[in-house]
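**Student:** Below is one structure. I have some questions about it.
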Amino acid sequence: MNNIETIFACVVLLAATAAGAQTETSRFELTPFAGFTFGGEFEDMTSSDSLKLDDGASFGLILDIRESANTQWEILYSRQATQADTTGLLTGGASFDLDVHYIHFGGTYLGEGNRARPFLAATIGATHFEPGLADFDSETFFSFSIGAGFHLRPNDRLGIRLEARAYGTVLESDTDLFCRTGPGENICVIHTEGTILWQLETLAGFVFRF
């Protein structure tokens, strides 16, 4: 387990403990999920090239803490292990491995229903890009997300969550990304201006209620 996943696991444990301590009637939902993430592109401002992320599988965990009959606090972690397509001028190949981590906090609003309830979700947090290039720096930026979907509830303890979620990562202006520095060496894969990197994740997960 890497540092990002360890931190998230600790946050989930602390939040769940706090939720249970507030009141005996508090309830929370834990949703491990699998999904598929689309899109993502870094535009290079010094050339006409771009660094495109391959579509690929993702997985993660969502913790929801009930606030009222229709609202919940939400903590989300999502990870996509993908590849970034490049010309290979700096990396020595046509692509390189890139892990994309989202760690977010926000809330959900649940619509009316019994066994099937629509919902809207909104979160903010951080996106962490971790390249699989030796000695190249990782990058972390502010990000936000908006999602919508359905909770299917065959009983009070178990359920299914179906969702589509859009992530926007705010890239800083005039920024060099994925750099390797050392004595007499300063190499960066791409240079970007301030923009938003968009990704879309579709997911399904089992909901466990406590």
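In terms of this note's numbering, the sequence shown opens at residue 31 and continues consecutively. Ideal Cβ placement from N, Cα and C applies to all residues, glycine included.
#1: When the Cα of Ile-154 is compared with those of Ser-98, Thr-76, Trp-103 and Glu-71, which residue comes out closest?
#2: With burial defined as no fewer than 16 other Cβ atoms inside 10 Å of the residue's Cβ, what is the status of Leu-128: buried or exposed?
#3: Under a Cβ-count criterion, where at least 16 other Cβ atoms within 10 Å of its own Cβ denotes burial, should Leu-150 be classed as buried or exposed?
#4: Check whether the region 212-221 and the region 190-202 are in contact - that is, three or more C-beta pairs closer than 8 Å.
#5: Buried or exposed for Ser-98, please, with buried defined as at least 16 other CB atoms from any protein chain shown within 10 angstroms of its CB.
#6: How long is the line joining the alpha carbons of Gly-177 and Cys-218, rounded to whole angstroms?
#7: Rank Gly-86, Ser-77 and Arg-109 by C-alpha distance to the C-alpha of Thr-157 and give the top, closest one.
#8: What did DSSP end up calling Asn-185 once you bin it into helix, strand or coil?
#9: Given that a residue counts as buried once 16 or more other Cβ atoms are within 10 Å of its Cβ, and exposed if not, what is Leu-233?
#10: What residue from Leu-106, Glu-142, Asp-79 and Pro-148 has the CA that sits closest to Asp-115's CA?
#11: What is the DSSP secondary structure of Glu-202, counted as helix, strand or coil?
#12: Leu-230 lies in the beta strand (DSSP E); which residues open and close that run?
#13: Opposite Phe-72 in the DSSP bridges: which residues?
#14: Quick check: what's the CA-CA separation for Leu-60 versus Tyr-107?
#15: Do Leu-192 and Phe-236 have their CB atoms nearer than 8 Å?
#16: With distances taken Cα to Cα, identify the nearest neighbour of Gly-70 among Arg-239, Ala-196, Ala-64 and Pro-148.
#17: DSSP on Glu-54, reduced to helix/strand/coil?
#18: Whose C-beta lies closer than 8 Å to the C-beta of Ser-173 among residues of the same chain, with five residues either side of it excluded?
#19: Determine whether the beta carbon atoms of Phe-180 and Ser-168 lie at a separation below 8 Å.
#20: Out of Arg-145, Thr-101 and Ser-125, which one is the CA nearest neighbour of Ala-152?
**Tutor:** On the basis of the data shown:
#1: Trp-103
#2: buried
#3: exposed
#4: no
#5: exposed
#6: Looking at the two C-alpha atoms, the distance is approximately 33 Å.
#7: Arg-109
#8: coil
#9: buried
#10: Closest in alpha carbon position to Asp-115, among Leu-106, Glu-142, Asp-79 and Pro-148, is Asp-79.
#11: coil
#12: 225-239
#13: Leu-81
#14: 12 Å
#15: Cβ atoms of Leu-192 and Phe-236: not closer than 8 Å.
#16: Among Arg-239, Ala-196, Ala-64 and Pro-148, the Cα nearest to that of Gly-70 belongs to Ala-196.
#17: Because Glu-54 carries a pLDDT of 44, less than 50, the predicted location of this residue cannot be relied on, and the following value inherits that uncertainty. Three-state result, Glu-54: coil.
#18: Tyr-132, His-134, Ile-154, Gly-155, Ala-156, Thr-157, Tyr-197, Gly-198, Thr-199 and Val-200
#19: Their beta carbons are not under 8 Å apart, which means Phe-180 does not touch Ser-168 by this criterion.
#20: Thr-101
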